[in-house]
């Protein structure tokens, strides 16, 4: 609707001034995509490793976590989840860049990094999949080099990489066609994680969103046209014309004449009902609750359990969508494991490679939920039979007010002893 000049036509006045028609877009698709991504990945993904428990395996686990941490995986997850829900596709490309570091528990000449691409970045994907196995992945994109726009086309297979480029008015030129090497060692795995969905997060909502956009735009034009006051004159005016800006404006009419403002008797109930119904259907069919400030302020303090119930539909949808991400994370772990192998220094390469082959990882997506500390304490206290959940020291540290926890505990104990001593003195020596 932002660029619609057919249904929403501008009007030209006789004096040459153009009145632009209202074109009000509703960013519901953006809202749904971002909200799903936030509910799924605002809490970092937790990784649980399984290994033989040896010292080498524990060091390998730390190295793998360091790879995720230094690749900024939490922000990558949020970025690719948003693009996945909005455009149904994305690719995460893992690679090693020449940069000496000690991030992974050993000195390496390479740093493991990743990038994510999607149709939102003007990439077009051409996967070749056979029996659920990706045989090759190609994608095209454009880049600016000075004033020239260059077209690129890349293809990855399990053991090779090919790249072509095309300048303005030129033929395609092959730039690269070779095996994938890192640290002079061949990487025998496609370093791409491809995610695809048949339906976007807002599938089926476009007609409703479009209808509401046009209805609201029409209503906006009507209000703009009728909001300026209209002066109705019944009869013939007499006297000098009234000039704009005069402190007192007096209209004189002939006998029986009348001057009055015409009020616009607008009927907004039907329009308001229509737009609110469409908005309600968007949230209901999209399975995303309206948790705007206005909505939450309107329902008041409904309690912890009721708030959790309000988010049930969204949590169920996120739980279903998380299955695709878990599969992608499992494939990604295998890629990271292979990339880590090829950057290992010679003195630990054999032992670490063997440990990497044996280690497994389970990814856990923790959906966002509204938490009540009071409710958590109540539930856990009931579960453990009414016993304390934390020590006095832990509670003081959690509060974070005290600058010296030990001094605070000492003061509390001294004050308690003083109160106990005074109580005993009052019993032994009662005041008359």
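In my numbering, the protein residues as written are 15 to 446.
Using N, Cα and C, we set each Cβ at its ideal position, and we do this for glycine too.
Please read all numbers here as calculations on a predicted model, not as lab measurements.
Residues near residue i in its chain [Cβ-Cβ closer than 8 Å; skip 5 each side]
| i | result |
| --- | --- |
| residue 101 | 132, 133, 134 and 214 |
| residue 300 | 42, 46, 215, 216 and 219 |
| residue 345 | 207 |
| residue 153 | 105, 131, 137, 138, 139, 140, 167 and 168 |
| residue 16 | 37 and 39 |
| residue 374 | 63, 64 and 65 |
7 Å CB neighbourhood of residue i in its chain, flanking five on each side removed
| i | result |
| --- | --- |
| residue 23 | 35 |
| residue 296 | 42, 219, 222 and 223 |
| residue 91 | 55 and 59 |
| residue 248 | 271 and 272 |
Collapsed DSSP secondary structure at residue i in the structure displayed
| i | result |
| --- | --- |
| residue 377 | strand |
| residue 417 | coil |
| residue 276 | strand |
| residue 366 | helix |
| residue 343 | helix |
| residue 164 | strand |
| residue 109 | strand |
| residue 409 | helix |
| residue 114 | strand |
| residue 426 | helix |
| residue 46 | helix |
| residue 372 | helix |
| residue 11 | Examination of residue 11 is not possible in this model, given that the chain is present from 15 through 446 alone. |
| residue 175 | strand |
| residue 254 | coil |
| residue 352 | helix |
| residue 144 | strand |
| residue 19 | coil |
| residue 202 | coil |
| residue 157 | strand |
| residue 151 | strand |
| residue 197 | coil |
Contact test: residue i Cβ vs the ligand SAM heavy atom, cutoff 7 Å
| i | result |
| --- | --- |
| residue 36 | With respect to the ligand SAM, the structure offers nothing, as it holds no ligand at all. |
Residue span of the alpha helix (DSSP H) that contains residue i, given as start and end
| i | result |
| --- | --- |
| residue 209 | Where residue 209 is concerned, there is no enclosing alpha helix (DSSP H), although the beta strand (DSSP E) it sits in stretches over 206 to 210. |
| residue 76 | 69 to 84 |
| residue 285 | 283 to 300 |
| residue 15 | From DSSP, residue 15 is part of no alpha helix (DSSP H); its letter is neither H nor E. |
| residue 93 | 87 to 101 |
| residue 308 | 307 to 313 |
With 16 other Cβ atoms within 10 Å as the buried cut-off, status of residue i
| i | result |
| --- | --- |
| residue 108 | buried |
| residue 94 | buried |
| residue 430 | exposed |
| residue 104 | buried |
| residue 420 | exposed |
| residue 278 | exposed |
| residue 339 | buried |
| residue 347 | buried |
| residue 99 | buried |
| residue 287 | exposed |
| residue 246 | exposed |
| residue 404 | exposed |
| residue 231 | buried |
| residue 12 | Residue coverage of the chain in this structure runs from 15 to 446, which leaves residue 12 outside it and unanswerable. |
| residue 19 | exposed |
Residue interval of the beta strand (DSSP E) (run including residue i)
| i | result |
| --- | --- |
| residue 60 | 60 to 64 |
| residue 123 | 122 to 131 |
| residue 56 | Run containing residue 56: none; DSSP gives neither H nor E here. |
| residue 136 | Segment: none, residue 136 is in no beta strand (DSSP E) and carries neither H nor E. |
Own chain partners of residue i with C-beta closer than 6 Å, once the 5 adjacent residues on each side are dropped
| i | result |
| --- | --- |
| residue 302 | 46, 49 and 328 |
| residue 77 | 118 and 119 |
| residue 164 | 157, 179 and 181 |
| residue 253 | 266 |
| residue 365 | 70 |
| residue 187 | 179 |
Within-8 Å CB hit, residue i to chain B
| i | result |
| --- | --- |
| residue 263 | This model lacks chain B altogether, as it is built from one protein chain only. |
Are at least three pairs of beta-carbons, each pair with one atom in the stretch 174 to 187 and one in the stretch 321 to 329, less than 8 Å apart? no
Do three or more CB pairs link the stretch 351 to 369 to the stretch 40 to 49 at distances below 8 Å? no
Closer than 8 Å is the cut-off here; do at least three beta carbon pairs connect the stretch 141 to 149 with the stretch 117 to 131? no
Take every Cβ of the stretch 68 to 80, pair it with every Cβ of the stretch 158 to 177, and state whether three or more of those distances are shorter than 8 Å. Flag = no, the stretch 68 to 80 and the stretch 158 to 177 do not touch.
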